[in-house]
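Take the sequence shown: its letters are residues 1052 to 1246, numbered as in our numbering.
The C-beta atom is built at its ideal place from N, Cα and C for all residues, glycine as well.
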Amino acid sequence: MPAVDLSQLPEPAIIAEPDFEAILADTKAMMIASYPAEQREAVSAALELESEPLNVIAQTMSFREMLLRQRVNEGARACMLSHGSGTNLDNLAGNMNTKRLVITPATDTTDAVMESDTSLRLRAQRAYDGLSVAGPSGAYEYFARSASGLVRDARAISPSPACVTLSILSTEGDGTATEALLNTVRAVLNAEDTR
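The following block contains the structure:
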């Protein structure tokens, strides 16, 4: 497993949940301050009336700002491996030369079943382990998980020097990997550019 569990990271400081009432209070204060000093008291009183057009404008502006802040938050999350999802996560994983795997190919009547965000996120996080050809367990696990969308999990241990035992958990049935899946993993691990 990666050293950092991304699901346990705290919410990034860049993400601040917008508070409509606080934004509205700031908007009203800015509106009042934009008037000459002798008119500010009257403007402040008018902004307290729900039916006052100036108050409706302040609420509309504040709501719009809240929506924009929320969009900024969504954009910030989309750029983080820990929070990205869907095609945003596909693009982040692509930066690490990791592509979402097909679990079940599309047919004439059904869409393809693709690897989950959680699985892709974990493989992307482990992608740098795949750069090593010296045999660390993380590299074996990365290549095994990348061999097929049917690999739910992989664990590598070395019971003795130059000997590796790799356990594969399948996404199908009770998790027991089929011989075909094991052969797919073996082929990837034994490829000339992997070992």
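Short Cβ contact (8 Å threshold) for residue i with residue j
{"i": "MET1117", "j": "PHE1071", "result": "yes"}
{"i": "SER1199", "j": "THR1235", "result": "yes"}
{"i": "THR1078", "j": "ALA1097", "result": "no"}
{"i": "ALA1190", "j": "SER1197", "result": "no"}
{"i": "SER1218", "j": "THR1229", "result": "no"}
{"i": "GLU1223", "j": "ALA1207", "result": "no"}
{"i": "ARG1057", "j": "LEU1132", "result": "It is Leu, not Arg, that sits at residue 1057 in the sequence shown. Going by C-beta atoms, LEU1057 is nearer than 8 Å to LEU1132."}
Closer than 8 Å to chain C by CB, residue i
{"i": "ALA1088", "result": "No chain C appears in this structure, which consists of one protein chain only."}
Buried versus exposed, by CB contacts within 10 Å (16 or more), residue i
{"i": "ALA1213", "result": "exposed"}
{"i": "GLY1126", "result": "exposed"}
{"i": "GLU1101", "result": "exposed"}
{"i": "GLN1176", "result": "buried"}
{"i": "ILE1074", "result": "buried"}
{"i": "GLU1062", "result": "exposed"}
{"i": "ARG1115", "result": "exposed"}
Distance, residue j Cα to residue i Cα
{"i": "ASP1225", "j": "GLY1135", "result": "29 Å"}
{"i": "LEU1143", "j": "ASN1241", "result": "28 Å"}
{"i": "VAL1202", "j": "PRO1069", "result": "40 Å"}
{"i": "ILE1065", "j": "SER1085", "result": "30 Å"}
Heavy atom of the ligand NAP within 7 Å of residue i beta-carbon
{"i": "ILE1208", "result": "Ligands in the displayed structure: none, and consequently the ligand NAP is not present."}
task = Scan the segment 1135-1215 and note each continuous beta strand (DSSP E) run of 3 residues or more that stays entirely inside, going in chain order.
result = 1153-1155 and 1202-1211
ask   = Is the segment 1150-1170 in contact with the segment 1082-1096, if contact means three or more CB pairs nearer than 8 Å?
value = no
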